[in-house]
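Everything on this sheet refers to the single structure shown next.
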Amino acid sequence: MAASSTSYLHVSGISVDFSKSGKDIKSAELQLRGVQRLLGSDVGSDKTFHETFVPPMKLSRGDTFSLRLLRKTQFLRQNKHNDIDFDTGEVFRAYDTHEKHEYHKLHDGIAIVLSLNGNTSTEQAEPSASSSEESLELRPTTDKIFEMCPQFRTLVIGKTGVGKSSLINNAFGVNTVASEEKRGEVDIETEFISKQNDMFALHDSKGFEPGDEKNLEIVQQFIERRKDMGALKDKLHAVWLCFEIPRAGGRFLETGTTEFLQSKRDGKLGNSAFIDGYLAARMQTHHWLKVPVVVVLTKYDTFIDRVERTLDYSASSDDAIEKLTKQTAEAEREIFTKRLWEFAGSDIPYAMVSDKDGHKDKIAHLIQVTEDRVRQHVASEASVMAGVAQRVNPKLNIRTSIEVGKRKYWKALASTAAFKGKTVQACLEVLHTDIIRVWNFHDPHHYLESKEFKASVVDLVDKLDVGSIANPNRNM
Ligand SMILES: Nc1nc2c(ncn2[C@@H]2O[C@H](COP(=O)(O)OP(=O)(O)OP(=O)(O)O)[C@@H](O)[C@H]2O)c(=O)[nH]1
Ligand SMILES: [Mg+2]
1 MAASSTSYLH VSGISVDFSK SGKDIKSAEL QLRGVQRLLG SDVGSDKTFH
51 ETFVPPMKLS RGDTFSLRLL RKTQFLRQNK HNDIDFDTGE VFRAYDTHEK
101 HEYHKLHDGI AIVLSLNGNT STEQAEPSAS SSEESLELRP TTDKIFEMCP
151 QFRTLVIGKT GVGKSSLINN AFGVNTVASE EKRGEVDIET EFISKQNDMF
201 ALHDSKGFEP GDEKNLEIVQ QFIERRKDMG ALKDKLHAVW LCFEIPRAGG
251 RFLETGTTEF LQSKRDGKLG NSAFIDGYLA ARMQTHHWLK VPVVVVLTKY
301 DTFIDRVERT LDYSASSDDA IEKLTKQTAE AEREIFTKRL WEFAGSDIPY
351 AMVSDKDGHK DKIAHLIQVT EDRVRQHVAS EASVMAGVAQ RVNPKLNIRT
401 SIEVGKRKYW KALASTAAFK GKTVQACLEV LHTDIIRVWN FHDPHHYLES
451 KEFKASVVDL VDKLDVGSIA NPNRNM
């Protein structure tokens, strides 16, 4: 294991302990040959963080290699950072002399340890070496999005039997929903994440029954708490308020439901109670501060049945009955919309859904309406996750793929030296990973992300003879 024979090292992990430095580090980035890699966005209370690199990062002599530490600052000042440079010669020497193959560095009370795995062989790199370098530099955009926001988080509100579980099943491909437990025992804070689709987190609440003011309060407080959470992953991204479409002439909505909608309209939902008046007034005009609430009218098919049953259609043909049903239903929908807007403001979105065959497009529409609102009022990462989590709207998967592909991250990457010199195959692999993740197929064995499957996709591209990308080993 002579030092001279080691042409490069694999850095398989890093740990940073800043507990004795007196500094408050928020996050860190490792920078190698101008490519950044975010570390420890979730720094523990013990003021240390550890990161393992799979695959490891390849370090050559003479590489520019540094650690950037971003500090928390008070009074909303700009982020401050420290850069700690590594001397690669020193790292290589440490590898040769340190029994545990570690490199230790102490800088201003900050203790850094790099775990090293040697390429102790000769100049002949193993075939995996080049691909590990590629994976370091060409990371799927979804890595970053999933890190920030691993689930699309929703609260679904509605009375027992209104059709919440059926809707969730249809929209997200999730069979068993929390209400398997006895109703009333399900805590709104309990998040339900299914193995069938772990891109989706559900909070379940019963509806607002007359005489049960407590539940309205529980729901409002829950929304408030989630709004104040700092991390996007903990925030509530959307609320679905489910009820059956009320018939014209009947009672409009239960008391709690109208109160809920009014509080939404008046900007009381999702706004902090203890902010001062001036700020409160400003916040009310800032829609992005509010959690999107979508009204979901369930069991559309039974609504149509009810309309049809009450029609006066003596001596009419089937076609005429169908036409009249449609017209009456449409007229009732308009009456309902007007009344809804009176309570909740005209910007409240709603969608009618049904779990019966032939109504999938309605659920797809609900998803689209929701995704729009999430993008406008929450964050684009959360709306990407809405697109990823859902399983009824393939058009949205396509748009989300494009959105992910167009992200600044990719643009920046394409312009760096890191991108050039990569084989088309390496670039295709990263794109492949992003697309597979966005489509979120039920794939428990990760077959779609396997080497074999990627190879067959590249093969297919090759066979399609699509010009310049047909040679996967060609460099960019
Ligand atoms: N006709 C019709 N029936 C539906 C529809 N959606 C759900 N149902 C039926 O309504 C019943 C209740 O549906 P669920 O989805 O379990 O209702 P839920 O809101 O989850 O009920 P809880 O879990 O008790 O709160 C079931 O028998 C469903 O088959 C629909 O769109 N049309
Ligand atoms: Mg249910």
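Note that full-length UniProt numbering has the sequence shown beginning at 1, numbered continuously upward.
Note that the Cβ used here is the ideal one computed from N, Cα and C, for glycine as well.
V162 beta carbon near ligand 3 (any heavy atom closer than 7 Å): Judged by which ligands are present, ligand 3 is missing from the structure shown, whose ligands are ligand 1 and ligand 2.
Close-in-space but distant-in-sequence residues of the same chain around I14 (CB under 6 Å, 5 per side omitted): Hits under 6 Å: E51 and L114.
DSSP-derived helix/strand/coil call for F65: strand
For E29, the nearest candidate out of P56, L67, V296 and K233 (CA to CA): L67
Rounded Cβ spacing between V16 and T48 (contact assumed at less than 8 Å): Between T48 and V16 the Cβ distance is about 7 Å, and since that is below 8 Å, they are a contact.
F172, DSSP secondary structure in three states: helix
Stretch pair the region 197 to 217 + the region 146 to 157: three plus CB contacts closer than 8 Å: yes
Bounding residues of the alpha helix (DSSP H) (the contiguous stretch that carries residue 477): With the chain covering only 1 through 476, there is no way to say anything about residue 477.
Within 8 Å, strictly: CB atoms of I367 and A171: yes
Inter-residue spacing [alpha-carbon to alpha-carbon] between K26 and I112: 16 Å
Any 3 or more C-beta pairs closer than 8 Å across the region 301 to 319 and the region 380 to 390: no
Boundaries of the beta strand (DSSP E) in which L253 is found, first to last residue: L253 -> no beta strand (DSSP E), and no H or E assigned at all.
Proximity test, T302 beta-carbon vs ligand 1 heavy atom, cut-off 7 Å: Look at T302: its beta carbon is less than 7 Å from one of the heavy atoms in ligand 1.
T400 vs V392 beta-carbon contact at 8 Å: no
Sufficient close CB pairs (3 or more, under 8 Å) joining the region 252 to 268 to the region 206 to 226: yes
Whole-Å CB distance - G345 paired with C242, under 8 Å assumed: The Cβ separation is near 19 Å, so there is no contact.
Simplified DSSP state of E342, which is helix, strand or coil: helix
Residues that DSSP places opposite L39 in a beta bridge: A28
Cβ-Cβ separation, P56 to S21 (assumed contact under 8 Å), whole Å: That pair is no contact at about 27 Å.
Backbone secondary structure at K20 - three-state DSSP: DSSP, read as helix, strand or coil, puts K20 in coil.
Buried versus exposed call for H445 [16 or more other C-beta atoms within 10 Å across all chains shown]: exposed
Check: K299 C-beta below 7 Å from any heavy atom of ligand 1: Yes, the beta carbon of K299 sits closer than 7 Å to at least one heavy atom of ligand 1.
Reference Y8; option with closest CA among V296, G89 and V294: That would be G89, whose Cα lies nearest to the Cα of Y8.
The region 228 to 237 touching the region 152 to 166, judged by at least three CB pairs closer than 8 Å: yes
Alpha helix (DSSP H) segments (min. 4 residues) lying fully within the region 299 to 335: Fully enclosed alpha helix (DSSP H) runs of no fewer than 4 residues occupy 300 to 309 of the region 299 to 335, in order along the chain.
Given R265 as reference, the closest of L340, K299, K195 and S194 once Cα atoms are compared: L340
Alpha-carbon spacing of A329 relative to V353, whole angstroms: 14 Å
Start-to-end residues for the beta strand (DSSP E) that takes in H81: Here the beta strand (DSSP E) through H81 covers K80 to D85.
Check whether R61 and F18 have beta carbons under 8 Å apart: no
Per-residue DSSP class, three states only, for D96: helix
Rounded straight-line distance, which links the Cα of Q327 to that of F336: In a straight line, the C-alpha of F336 is about 14 Å away from that of Q327.
Under 8 Å between C-beta atoms of G207 and I157: Yes.
Unbroken alpha helix (DSSP H) run spanning V239, endpoints: Not the alpha helix (DSSP H): V239 falls in the beta strand (DSSP E), residues A238 to E244.
Bridge partner(s) assigned by DSSP for Y103: L114
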